[in-house]
Amino acid sequence: MILVQFCEPVTGTVIYPFVVSLVNETGITGGDQAKTGYYAGIIASCLSETLLRCEESVFFASEGLTAFAWGRASDVIGRRIPLAFGMLCLAASIASFGLSNKYWPLVVCRCIQGIMNGNIGISKSVMIDITDSTNIAQAFAFVPLTWGLGVVVGPMIGGTLSHPAEQWSSTLGKIAFLRQYPYALPCFTVALIPLAAFAITTLFFKETLPSAVASQDRRANEDASPDDDVAQSSSTLESRGPLPLRALMTRPILILLLNHAFLAWTEQACSVLLTLMYPTKIEYGGLSLSSFAIGVIMSFIGVIMGVSGFVIYPWLMTRYSAKQVYRACYAGYLASPILFSLMNFIARRRGVVDAPVWVLIGIQTVTGAMSVQAFGVIMVLLSQATPAGSMGAINGLAQTVACSMRMFAPFTASSLFSLSQENNLLGGRMVFLFLELLVISGCVAASRIEEMPKSEDE
1 MILVQFCEPV TGTVIYPFVV SLVNETGITG GDQAKTGYYA GIIASCLSET LLRCEESVFF
61 ASEGLTAFAW GRASDVIGRR IPLAFGMLCL AASIASFGLS NKYWPLVVCR CIQGIMNGNI
121 GISKSVMIDI TDSTNIAQAF AFVPLTWGLG VVVGPMIGGT LSHPAEQWSS TLGKIAFLRQ
181 YPYALPCFTV ALIPLAAFAI TTLFFKETLP SAVASQDRRA NEDASPDDDV AQSSSTLESR
241 GPLPLRALMT RPILILLLNH AFLAWTEQAC SVLLTLMYPT KIEYGGLSLS SFAIGVIMSF
301 IGVIMGVSGF VIYPWLMTRY SAKQVYRACY AGYLASPILF SLMNFIARRR GVVDAPVWVL
361 IGIQTVTGAM SVQAFGVIMV LLSQATPAGS MGAINGLAQT VACSMRMFAP FTASSLFSLS
421 QENNLLGGRM VFLFLELLVI SGCVAASRIE EMPKSEDE
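Numbered according to full-length UniProt numbering, the sequence shown spans residues 1 to 458.
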């Protein structure tokens, strides 16, 4: 399931290094470079030319619109078929993207990728199916780490393998296919990941949907023994099918979905502001950091995410309730807007990024990386509040909520950053005040969470 979840960020970000040049090469702009950003924005609405983690409007719109349908289907027909089908089609769509040299086919390919990534919620349902209260925290510790690794590996593949005929003219430059399709190699390479996930799912994955497993057990018991009690017990489990959507919209679940929305928006906005500030000049609200320095910071973030995910997060989950851990993780975002503002303020006063600023960068890096663990906790809380037989639908709904926030948060955060700097709103810090108020609102929402441990029969 980790491999399946890895497919979403790596296939979603592989195009980032070359999407602008690809749009220009399609001829859709008619040679007008000013239009490049508009058309590239439809495929990948990048917030900044230096942004490593920009989100895609088409990609996430397609994913968000279909995530609930994928989840509901997995509650009805099982997890295995939707997972395998989605991975196969995802591999085909990203490979097709590399073979497209016209603009609108590129858009269609990205839509298909988003649709097929809508089944990522199913993989989380599987993780819930195969874990219990003793190990679910350890399982979901991999979720933010997988995403973080994917958004690093994807652009790395896209940047190093695009235009291979030019980069290795003496070898790959002799291959006519690579000269005609300069972006096929990175797309084909990334397509191998969902293809491998498809093969593993098809060959080795065993169905985990409780009702489907109960059905298999009932048939096996009927063949082996006519024991009525055993057959009746299995039939009872099998009959616990998915509930109607209206029945799922209970107060605890609605509150958790609201918190998931706040979490996705906050994390995305903080990531956008971070990647905007680092390379931007100090006088324009940034820190004027070099690409090397940014790379070191990003690597450090990955290390902190790994340590907090595998050591600190499981330790907290064994000593405190999921509700308490979520509140603590999300509250960590309260520091980010303040630290962002102080970083630039001190850098402007001193004219350079020196020790005090680096201390603030370190604090923000640690608090931000640890706060990301809230994504794993919110899934644990959702699993506790969801009735048996409807986990796929709720995970799909949660995925839809997250995708919606990831569509709009980057545009909002980056626009507010630009407006704050251009109009000197609160000394260029209006965006940070807005973000702080948002996080405070999220903390209020977190205080409303009702923790509902599952009953033993579930």
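Where a beta carbon is used, it is the ideal one built from N, C-alpha and C, also for glycine.
Euclidean distance between Cα positions of Gly118 and Val108: As a working note, residue 118 is residue 118 in the sequence shown. As a working note, residue 108 is residue 108 in the sequence shown. When rounded, the distance between both Cα atoms is 16 Å.
Could you spell out the range, first to last residue, of the alpha helix (DSSP H) harbouring Arg79? Taking the first residue of the sequence shown as position 1, residue 79 is located at position 79. That residue, Arg79, is in no alpha helix (DSSP H); it is neither H nor E in DSSP.
Using 8 Å as the cut-off, can you tell me whether the segment 309-329 makes contact with the segment 361-374, which would need three or more C-beta pairs spanning the two stretches below that distance? yes
Out of Gly427, Ile361, Ile94, which has the shortest C-alpha to C-alpha gap to Ala293? Position 293 of the sequence shown, counted from the first residue, corresponds to residue 293. The shortest Cα separation from Ala293 among Gly427, Ile361, Ile94 belongs to Ile361.
Mind reading off the beta-carbon distance from Arg79 to Glu166? Whole number of angstroms is fine, and I expect it under 8 Å. Residue 79 sits at position 79 when you count from the first residue of the sequence shown. Residue 166 sits at position 166 when you count from the first residue of the sequence shown. That belief does not hold up - the Cβ atoms of Arg79 and Glu166 are roughly 43 Å apart, past 8 Å.
Inter-stretch contact at 8 Å, needing at least 3 Cβ pairs: the segment 175-185 / the segment 86-98: yes
Beta-carbon proximity check, residue 465 vs Cys403, cutoff 8 Å: This structure gives no information on residue 465, because the portion of the chain shown stretches from 1 to 458.
Taking the beta carbon of Trp70 as the centre, do at least 16 other beta carbons fall within 10 Å, making it buried, or is it exposed? As a first step, residue 70 is located in the sequence shown; it is residue number 70 there, counting from the start. Burial call: buried.
Alpha carbon to alpha carbon, how far is Leu22 from Arg448? For the purposes of this step, residue 22 is identified with residue 22 of the sequence shown, where counting begins at 1. For the purposes of this step, residue 448 is identified with residue 448 of the sequence shown, where counting begins at 1. Approximately 47 Å, taken between the alpha carbons.
Need the endpoints of the alpha helix (DSSP H) that Val352 sits in, please. For this step, residue 352 is matched to residue 352 along the sequence shown. It is not in any alpha helix (DSSP H) - Val352 carries neither H nor E in the DSSP assignment.
Alpha helix (DSSP H) containing Met317: first to last residue? Working through the sequence shown from its first residue, we reach residue 317 at position 317. That run of the alpha helix (DSSP H) goes 313-319.
Would you call Val155 buried or exposed, if buried means 16 or more other Cβ atoms sit within 10 Å of its Cβ? Mapped onto the sequence shown, residue 155 falls at position 155. Note that residue 155 is Pro in the sequence shown here, rather than Val. Buried.
Chain B beta carbons: is any one of them nearer than 8 Å to that of Ala385? Of the protein chains in this structure there is only one, and it is not chain B.
Rounded C-alpha distance that separates Glu238 from Gly121: The sequence position of residue 238 within the sequence shown is 238, counting from 1. The sequence position of residue 121 within the sequence shown is 121, counting from 1. Since pLDDT at Glu238 reaches only 45, below the 50 mark, its modelled position is unreliable, and the value read off the structure follows with that caveat. If I take the Cα positions, the gap works out to 22 Å.
Do Arg348 and Ile282 have their beta-carbon atoms positioned less than 8 Å apart in this structure? For this step, residue 282 is matched to residue 282 along the sequence shown. For this step, residue 348 is matched to residue 348 along the sequence shown. Yes, the pair counts as a contact, with Cβ atoms nearer than the cut-off.
What's the gap between the Cα of Cys443 and the Cα of Phe408? Locating residue 443 in the sequence shown gives position 443, counting from the first residue. Locating residue 408 in the sequence shown gives position 408, counting from the first residue. Whole-angstrom Cα-Cα distance: 20 Å.
Less than 8 Å between the C-beta atoms of Thr386 and Ile301, yes or no? On the sequence shown, position 386 is the one that residue 386 refers to. On the sequence shown, position 301 is the one that residue 301 refers to. For the 8 Å CB-CB criterion, Thr386 and Ile301 do not form a contact.
Residue environment, Lys124, which counts as buried when at least 16 other CB atoms sit within 10 Å: The count along the sequence shown starts at 1 and reaches residue 124 at position 124. Buried is the call here.
Beta-carbon separation of Cys270 and Gly368 under 8 Å? Numbered from its first residue, the sequence shown carries residue 270 at position 270. Numbered from its first residue, the sequence shown carries residue 368 at position 368. By the CB criterion at 8 Å, Cys270 and Gly368 fall inside the cutoff.
According to DSSP, simplified to helix, strand and coil, what is Val14? The residue labelled residue 14 in the question sits at position 14 within the sequence shown. In the structure shown, Val14 sits in coil (DSSP, three-state: anything other than H, G, I, E or B).
Rounded C-alpha distance that separates Val352 from Asn344: To locate residue 352, count along the sequence shown from 1; it is residue 352. To locate residue 344, count along the sequence shown from 1; it is residue 344. Distance between the alpha carbons of Val352 and Asn344: 10 Å.
What does a CB cutoff of less than 8 Å around Ile346 pick up in its chain, not counting 5 residues either side in sequence? Locating residue 346 in the sequence shown gives position 346, counting from the first residue. Excluding sequence neighbours, Ile346 sits near Pro356, Val357, Leu360.
So Tyr420 is in the alpha helix (DSSP H); what residue range does that whole segment cover? Along the sequence shown, read from residue 1 onward, the residue named residue 420 stands at position 420. Looking at the sequence shown, residue 420 is not Tyr but Ser. Unbroken alpha helix (DSSP H) run through Ser420: 391-422.
Is Trp168 helix, strand or coil by DSSP? As a first step, residue 168 is located in the sequence shown; it is residue number 168 there, counting from the start. The answer is coil: DSSP assigns Trp168 none of H, G, I, E or B.
Residue span of the alpha helix (DSSP H) that contains Leu435, given as start and end: Counted from its first residue, the sequence shown places residue 435 at position 435. Its alpha helix (DSSP H) spans residues 430-446.
Close Cβ partners of Glu49 (< 6 Å) along its chain, the five nearest in sequence each way excluded: Position 49 of the sequence shown, counted from the start, is the residue given in the question as residue 49. Since pLDDT at Glu49 reaches only 35, below the 50 mark, its modelled position is unreliable, and the value read off the structure follows with that caveat. Same-chain partners within the cutoff: there are none.
Complete beta strand (DSSP E) runs within the segment 259-310 (minimum length 3 residues, chain order): none
Roughly how many whole angstroms lie between the Cα atoms of Val439 and Val377? For the purposes of this step, residue 439 is taken as residue 439 along the sequence shown, with counting starting at 1. For the purposes of this step, residue 377 is taken as residue 377 along the sequence shown, with counting starting at 1. Val439 and Val377: Cα-Cα distance of roughly 17 Å.
Please report the residue range of the alpha helix (DSSP H) in which Lys124 lies. Residue numbering aside, residue 124 sits at position 124 when the sequence shown is read from its first letter. Per DSSP, Lys124 belongs to the alpha helix (DSSP H) from 120-129.
Residue closest to Tyr326, alpha-carbon to alpha-carbon, out of Ala335, Leu263, Ser290: Translated into the one-based positions of the sequence shown, residue 326 becomes position 326. If you compare the alpha carbons of Ala335, Leu263, Ser290 with that of Tyr326, the shortest gap goes to Leu263.
Residues in the same chain with beta-carbon distance under 6 Å from Leu397, minus the five sequence neighbours each way, listed in chain order, please. On the sequence shown, position 397 is the one that residue 397 refers to. So the qualifying residues of the chain are Phe68.
Going by DSSP, what residue range makes up the alpha helix (DSSP H) through residue 478? Because residue 478 is not part of the residues shown, which for the chain are 1 to 458, the question remains open.
Does DSSP put Glu8 in a helix, a strand or coil? Taking the first residue of the sequence shown as position 1, residue 8 is located at position 8. Glu8: helix per DSSP, three-state reduction.
Beta-carbon gap between Leu195 and Ala91 smaller than 8 Å: Position 195 of the sequence shown, counted from the start, is the residue given in the question as residue 195. Position 91 of the sequence shown, counted from the start, is the residue given in the question as residue 91. Going by C-beta atoms, Leu195 is nearer than 8 Å to Ala91.
CB of Thr11 within 8 Å of CB of Val126, strictly: Within the sequence shown, residue 11 is the residue found at index 11, counting from 1. Within the sequence shown, residue 126 is the residue found at index 126, counting from 1. Against a cut-off of 8 Å, the Cβ pair of Val126 and Thr11 comes out as no contact.
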